[in-house]
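Whatever position you read off the sequence shown (first residue = 1), add 270 for our numbering.
In what follows, a single structure is set out as C-alpha cells and then discussed.
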Amino acid sequence: MSTDTASDTFSSRRAGHRLRGNDLAFTVVITIICAAVLFTTLYPLYFVLIASISDPTAVSTGKVSVLPKNISFFGYQQIFEDSRIWTGYRNTLIYSVVGTALNLAVTLPAAYALSRREFRPRRPLMLMFAFTMFFSGGLIPTYLLYKDLGLLDNWLVFILPSALNVFNLIIGRAFFENSLPEELFEAAMIDGVDYFRFFTTIALPLSKALISVIGLYYLVQHWNDFFTGLIFVRDYDKQPLQIVLRDILLSNQAFSGGAGGAGGSGGAYGQRYADQIKYGVIIVSTLPVIILYPFLQKYFEKGVLIGSVKG
C-alpha cells in the first residue's frame, strides 16, 4: 500500500514537472512572439523619429537604422517657424476637445437608454443605427446636405456630423448591459431613484473606464480628421493641423523640384529639406496622441475588452 502511494506521488510530481516545463516553453514562445510583434510595431515609429533628426543623405543611403547620423533639427525649425502650424494646432485642439465633449454627451445617454431591456423601441433603433454603418448617402449628397445646412466653411462641420459613432455606441451599450448589475438598478428604484438620476449619479461614476476609452477613440478620430477639412472647408484660418502639415509638405516637395530654374544643386538641396520636413511632420502630427495614450491604456482591458466579451 505504501509502495503504491509513493508511486502515485512520484507520478504526480513528474506530471507536475512536465506541466511546469510545458508552461515554461509556452511562456518562452509567447514572449518571443510578443517581442517580435512589439519590435515590428515600434521600430517604424523609432525610425521616423531618428530619421527626422538625421542627415537626409545618410537616411536615403541606408546608413541610419539604429542611431541618428549627423543630428540636425533643421526640419523641426522649418516646421515651427511657419505660423500656419500654430493656427492648425489651435483649430485641431478646439475641434478635438469640443467634438469629444459633444460625442460623449450624445453617445453615453444613448448607449444607456439602449441597454435598458424595458425600453421597447431599442431593437428597431439599433437596426437603424446599424444600417448607417454599412450604407451612406455618398459624397455628393453629403456635400449638398452640408451646403443646405450651412456647414460649408463652418467649423461646426468638424463636430456636428460626427456627433455619434455607431461602433462606440455598441461598445457603450454592451458595457452598460454587462457591467451594471440589474440588482443595483432595482435597489436604486426602491430608494426612489429615477432613470435619469440613476444614470448621472450611479452609472456614470461606475463607467470611468468606458468614458476614458470611448473618449480616446473620439479624440483620435477628431485629431486625425483630414478628409473633412479637405472637402468641406476652404477658409484657411479654419483648417485643422493635418491640412496645414499637408500644405507645408507639398510646398517643400515643390521646392525640392527646383521649379526648373535653380539647377540640379538647388533641387538636391531642396530635397534634403523635403525629406527632413517629411519625417518631422509625421512626428509633430502624432506626438500629442502618443503622449496621451499611455495614461489611458490601463482602462482598455477594464473598459472595452471585458464589456465586449460579455456582450
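We put the CB at the ideal spot given by N, CA and C, even for glycine.
Everything numeric in this text was worked out from a predicted model, so none of it was measured.
DSSP-derived helix/strand/coil call for residue 433: coil
Status (buried if at least 16 other CB within 10 Å, exposed otherwise) for residue 297: exposed
Cα-Cα separation, residue 363 to residue 336: 33 Å
Length at least 4, wholly inside the region 292 to 360: the alpha helix (DSSP H) runs in chain order: 326 to 330 and 344 to 350
Collapsed DSSP secondary structure at residue 474 in the structure displayed: coil
Contact test: residue 382 Cβ vs the ligand ATP heavy atom, cutoff 8 Å: Judged by which ligands are present, the structure shown has none, so any question about the ligand ATP falls away.
Sequence-distant residues of its chain with Cβ nearer than 8 Å to residue 519 (five each side left out): 544, 547, 548 and 551
CA nearest to the CA of residue 439, picked from 396, 425, 319 and 451: 396
Contact belief for residue 466 with residue 458 at Cβ below 8 Å, rounded distance in angstroms: About 12 Å separates the two Cβ atoms, so there is no contact after all.
Secondary structure, alpha helix (DSSP H): runs of 4+ residues fully inside the region 472 to 514: 478 to 493 and 497 to 502
Inter-stretch contact (C-beta, 8 Å, three-pair minimum) for the region 492 to 509 and the region 381 to 391: no
Pair within 9 Å by beta-carbon distance, residue 346 and residue 322: yes
Secondary structure of residue 453, DSSP reduced to three states: helix
Three CB pairs or more closer than 8 Å across the region 488 to 505 and the region 422 to 433: yes
Integer-rounded CB distance, given that residue 355 should sit under 8 Å from residue 514: 6 Å
Distance CB(residue 480)-CB(residue 445) smaller than 9 Å: yes
Distance between residue 420 and residue 343 (C-alpha atoms, nearest Å): 43 Å
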